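Top line first, the protein sequences correspond to chains P and G.
Numbering of the first sequence is given in my numbering, commencing with residue 1 and proceeding in unit increments.
Numbering of the second sequence is given in my numbering, commencing with residue 1001 and proceeding in unit increments.
Using N, Cα and C, we set each Cβ at its ideal position, and we do this for glycine too.
Only a predicted model underlies this, so the values are computations on that prediction, with no experimental measurement involved.
Following: one structure in structure tokens, then a few remarks.
There are 2 protein chains.
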Amino acid sequence: MIGRIVIDDVRPRTPTRAYPAKAVVGETVTISADVFKDGHDILAARVLWRPTGKPQWNEAPLAVENAGLDRWAGTIVPTTLGRHELVVEAWTDRYATWRHKAEAKLGAGQDIATELEEGALLLEARAADDEQLAEVAKILRDDKLTPHERLAPALTPDVERLLQGAPADQGEIAASEAVPLWVDRERALFSAWYEFFPRSEGGLQGARNRLPAIADMGFDVVYFPPIHPIGRQYRKGPNNTLTATEDDPGSPWAIGGPEGGHTAIHPELGTFTDFEDLVLKANELGLEIALDYALQCSPDHPWVTEHPEWFHHRPDGTIAYAENPPKKYQDIYPVNFWPAGDADRKALWTACKDILDFWIAKGVRIFRVDNPHTKPMAFWEWIIPAVQATNPDVLFLAEAFTRPKVMAKLAEVGFTQSYTYFTWRTKRDEIVEYVEEVALGEKADYMRPNFWPNTPDILAGPLRNGPVSAFKLRAVLAATLAPSYGVYSGYELLENEPMSDTNEEYFHSEKYEVRRRNWDDPRSIAGCLTQLNAIRHRHPALQRLRNVRFHASTNDNVLAYSKVSDDGADVVLVIVNLDPWSAAESTLNLDLPALGLPWDAPFEAYDELSHQSFTWQGPEPYVRLDPHHDVAHVLHLRPLS
Amino acid sequence: MIGRIVIDDVRPRTPTRAYPAKAVVGETVTISADVFKDGHDILAARVLWRPTGKPQWNEAPLAVENAGLDRWAGTIVPTTLGRHELVVEAWTDRYATWRHKAEAKLGAGQDIATELEEGALLLEARAADDEQLAEVAKILRDDKLTPHERLAPALTPDVERLLQGAPADQGEIAASEAVPLWVDRERALFSAWYEFFPRSEGGLQGARNRLPAIADMGFDVVYFPPIHPIGRQYRKGPNNTLTATEDDPGSPWAIGGPEGGHTAIHPELGTFTDFEDLVLKANELGLEIALDYALQCSPDHPWVTEHPEWFHHRPDGTIAYAENPPKKYQDIYPVNFWPAGDADRKALWTACKDILDFWIAKGVRIFRVDNPHTKPMAFWEWIIPAVQATNPDVLFLAEAFTRPKVMAKLAEVGFTQSYTYFTWRTKRDEIVEYVEEVALGEKADYMRPNFWPNTPDILAGPLRNGPVSAFKLRAVLAATLAPSYGVYSGYELLENEPMSDTNEEYFHSEKYEVRRRNWDDPRSIAGCLTQLNAIRHRHPALQRLRNVRFHASTNDNVLAYSKVSDDGADVVLVIVNLDPWSAAESTLNLDLPALGLPWDAPFEAYDELSHQSFTWQGPEPYVRLDPHHDVAHVLHLRPLS
């Protein structure tokens, strides 16, 4: 049963409202709701919020954001990790309602005797709080004064503050249901990832030696494909062939061998001491190590013999390998997450959590989760909160390359971040539509996109046999459209050879082969990535998701978008030529007020990439981007004078 | 906690999911949901539904509607009034999953020994249901036959039916929460309303005499402004002036006088016997009488003296008239729906329900509710279900001319229908956008629009000083865009004089004056309304809301839209020239497949208004509408041959 005041659609929230929406510490989070009441009374509203279980509420005012749509909004800035709860409250602002009535009638020359007496009663009821109110009430009743003289002292900011500040004294307070909000650390929202295979650097020690260069490029997270022993049976050879020689290293995702499973390190990579040294070195450099959490087993995984009940069986009792008929994946035994017995399920799920706890104890706080959509949603719904209950700083990136509803549901039940379809969105309208969906729509309340131009599995769009400009422009897009992005190593070396015209894997994929690289290759665009990461760190505007805004351009190959920081002080405008082969000219149509810039005065546009400074005026600057020189402008906009 | 299969977003539903969505008896209602599971298993789903409290479930299958979006849909056709509940269930279709695997592997020339044995086990587990299954299982195991011969008998429709028909035998069944659905009688969705003031026809007897003409025009509902005694104090004179003479009848919405309040009949209109005769006559003619439910009182209403506690008081103890400062409405005392004491509130709300029960006992089943947005939402949330609990055939039309969120919330908490902004949507893009919002969006799950070109308060758009063509075209739009529409009498006589350039009331509004009309005026467009109502009754396509589809036209003044009946057999295409002054030519771009019409063969377009028949071929017919002859085509489309 609703009360007199209706409070609906409190946001942020997830679609089913059964799971928390998401924010990070230090983020300015907009809380909004529909708030209305019958009649003409003036309302007031606020949001109360606190870490769940704490006795003390914080509060922030809500104000009308869109009167026609009865939408109210305010902001909060969470300061602690973990689950929070929000309650929106609204009440009739008796003082404002009375004041509006009295002023409107006085202004129309009408008698306000009734309003003067009503005001006196209103103030007297609160006179215990402040002596001043009793005095003002007396003046309201003083019929030796003019109506205007009687009213004026009751309209001062002091009186307003005294009467509006205490909702508990305003009669009925309507309250929404408590809405849950999960607060992560900032890296859940703002992070630059770099993926590489330790074995291609000679193992964990070689990987450790590579860290300073990655830190110098300005990345925040270093993600490794699985570092566990690799199965021998049905091991894959180069280019995903079915026969491997003794020298072939196999896919790291075929996890498990005689040396152990998900809690072991491949002996060829090194030891636990090497791993600990690596983590220490990373932390020294301000980097975090993210591990792959890939819940599948090679036929040689210890679980296969220790826990055959955790796998699918054929009628003849043998364990079934992975199939999507007619495709066969003989090197992988998928785990049966829903074995017949509840006890078996509990034991399996606990063992899966033990893997996470094991690596958490080794200092890992970020997991990239392989193919989460092939495991039950109920499993993620259980395991992520179970881990975060004791370790609220642990983050999970979903490799949710699957159908959109499934991708969104994984985010809803708890994944911190998700890979997205960015990799395949290459034309202007596709990019605008997709970014508006994931950054500006309701999904942004709970799903955080992580934009990857490439992965070890995906060489797509203009990168396929693409020129250096393609690699630069896709990096600019990923790094500036989303606050989280990542690249798979080799990107800076412009590795661009696809498996075939129809297969979007890499030729000689590193998944099946060790790949030695010449990091000193003069063609390397490491400098470009370094620039982008530095710009991201320098500009708070680029550290948020929901603040992207697209601007019109006259050329379909020219994409223009801006971001403004929470406090409005930092304004970045990005202009990208989406055609890696040809120069593009365009006139833009900037929404200047949204950028805090004047219509009629010049402003500065400083290009953080080229270090050129332009003086622009008006909403329609002209740009020309020749990919042989510049693929993009990343402009810091500032009013002049 | 979710299970292995996810079922989300079951529709129809309301935004908060706390109230029932709406349907009518005999309506083909689409039930849809997101349904998915990890992995490659093939799913099956159904909806179970029943009147709430009944033991027996009905069921209907759901099928994949959009695989990429994991959206499933099916249809149900409710047959009884009242509250229903729906549950969507989904399960793994083991037979289909097995069959897909076996066929895919056989087709790729792979060994299917495992699948043959799995199939045999699957069939044997169900052999108790049917002997045939045991036989087929034996063949699956008969290694003297080829794999194809062994498999084939298990793939017959008979076996498929036996194995797919019983979800209870398929292991875990996932189920959504129960979703409520309120089922009204068909008039809640499909109705043509005609409003007139009985006093302008000489009272209830005169009104009764007018009914045959209204029935002849094909209307379904006759709605009267309040028929109760009218206050004397502060009675309004002609054109809303503040001084009335003895001869001025006053506004019927200033309810209550010495003769009684909301359960009395104005003596000048007639007696309860007259009212009973009127209802009888209406029923004879297939019409229903709708009364106005306007919860406000003139200063002379009996409640003012009997229940002063139900009104707002000034500090001096006097009752406050209605104000929206600086506007004053001295002839109206608004009811205070939230008096201080719970007992007073209960007594007041009960008295309000007593009014409805009183008129329901007199045979009234439809109420048009005046200004519902000025009464608490909680009041409607209580009173509508309270009435419908015992009288599920009672319908409420909300005069919710207010902000969109409030309009939608009134529908959500229980109103059967709502007035809309149609009256002010006159340009093509405005109409398309608005109709898509109310007919095709999520609102259509619970809010039923009733389109009125005019009301006694509103003379808008091209009707203001408008020509006959304006009246015809707005009637065509209202009658064919929405299954419920209405006109206020005088419309057929082209009454078009506004109060002023800025005031959208009528000059000499009938709200304050008796208006005698010459129904035999030769300019009357009663014939046009008669035609429209006959077409609506003849074409099931026009009796539904969610089936409207707009088609492109090359002329901004030409609006084209189609409706197709639930069974696909009835197809109506409406083409309207929105400019009442000038002829408009246009080429259309019809979505022929959506209309069940061929791309490459001629089809018939029969104009139900002009009785002309056209033979068209292809998606781009040319039309010309000269408002001096025809404002619109209402075309019945049929394939030829």
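Residue burial is scored here from C-beta neighbours: G/Ser1641 has fewer than 16 other C-beta atoms within 10 angstroms and is therefore classed as exposed.
Residues of chain P with a Cβ closer than 9 Å to the Cβ of G/Trp1338 are, in chain order, Arg4 and Glu172. Taking a 10 Å sphere around the C-beta of P/Gln296, we find 16 or more other C-beta atoms and assign the residue as buried. Between G/Leu1635 and G/Tyr1434, the alpha-carbon positions lie close to 23 Å from each other. Assignment of P/Trp49 by DSSP, reduced to helix, strand and coil, places it in the strand class. Nearest in C-alpha terms to P/Arg549, of all of P/Glu117, P/Asn589, P/Tyr561 and P/Glu608, is P/Tyr561.
Neighbours of G/Met1447 in chain P, taken as residues at a C-beta separation under 7 Å, are lacking, since the least C-beta distance is about 14 Å. What G/Arg1083 touches in chain P, judged by beta-carbon distance under 9 Å, is nothing: the nearest beta carbon there is about 17 Å away. Membership of G/Glu1604 in the beta strand (DSSP E) is indicated by the continuous run Phe1603 to Asp1607. The Cβ-Cβ distance between P/Ser469 and P/Glu492 does not fall below 9 Å. Look at G/Val1179: its C-beta is not under 9 Å from any C-beta on chain P. P/Pro249 is positioned such that its CB atom lies no closer than 9 Å to that of P/Val574. Considering only beta carbons, the part of the stretch 1017 to 1044 of chain G lying closer than 9 Å to chain P consists of Arg1017, Ala1018, Asp1034, Phe1036, Lys1037, Asp1038, Gly1039 and His1040, in chain order. Between the C-alpha atoms of P/His633 and P/Glu608 there is a straight-line separation of about 7 Å.
Counting only runs of 3 or more residues that sit fully inside the stretch 29 to 102 of chain P, the beta strand (DSSP E) segments are 29 to 37, 43 to 51, 58 to 66, 71 to 76 and 82 to 92, in chain order. Using a Cβ-Cβ cut-off of 7 Å, P/Thr305 is close to nothing in chain G; its nearest Cβ partner there is about 21 Å away.
A Cβ-Cβ separation of about 20 Å leaves P/Thr416 out of contact with P/Leu440 under the 8 Å criterion. The stretch 585 to 601 of chain P makes contact with the stretch 614 to 628 of chain P, as at least three CB pairs between them are under 8 Å. With a threshold of 9 Å between beta carbons, P/Pro15 makes contact with chain G. Interface criterion met: the Cβ of P/Trp382 is under 9 Å from a Cβ in chain G. For the stretch 1391 to 1403 of chain G, residues whose beta-carbon sits nearer than 7 Å to a beta-carbon of chain P comprise Arg1403. Apart from the 5 residues on each side of it in sequence, P/Lys22 sits with its Cβ closer than 6 Å to the Cβ of Trp182 and Tyr446 in its chain, given in chain order. Closest in C-alpha terms to G/Gly1618, from the list G/Val1576, G/Asp1579 and G/Trp1599, comes G/Trp1599. Between G/Val1304 and G/Ser1176 the beta-carbon gap is near 51 Å, outside 8 Å, which marks them as no contact. According to DSSP, G/Ala1398 shares a beta bridge with G/Val1369 and G/Ser1418. Rounded to the nearest angstrom, the gap between the Cα atoms of G/Gly1490 and P/Leu162 is 56 Å.
Bridge partners of P/Asp184 according to DSSP: P/Val24.
Contact annotation: P/Lys443 and P/Ala411 have beta-carbon atoms nearer than 9 Å. In terms of beta-carbon proximity, P/Asn324 lines the interface with chain G, with at least one pair separated by less than 9 Å. Of all residues in the stretch 1107 to 1119 of chain G, only Gly1107, Ala1108, Gln1110, Thr1114, Glu1117 and Glu1118 come within less than 8 Å of chain P when Cβ atoms are compared, listed by chain position.
Rounded to the nearest angstrom, the Cβ distance from P/Leu122 to P/Trp98 is 6 Å, consistent with a contact under 8 Å. Chain-order list of chain G residues neighbouring P/Lys138: empty, with the shortest C-beta distance near 15 Å, by a criterion of under 8 Å. When DSSP states are grouped into helix, strand and coil, P/Ser509 belongs to the coil group. Under the Cβ criterion of 9 Å, P/Val88 is not counted among the residues facing chain G. Going by beta carbons, G/Gly1286 and G/Leu1529 fall outside the 9 Å limit. Judged by beta-carbon spacing, P/Arg448 lies within the 9 Å limit of P/Leu189, meaning their Cβ atoms are closer than that value.
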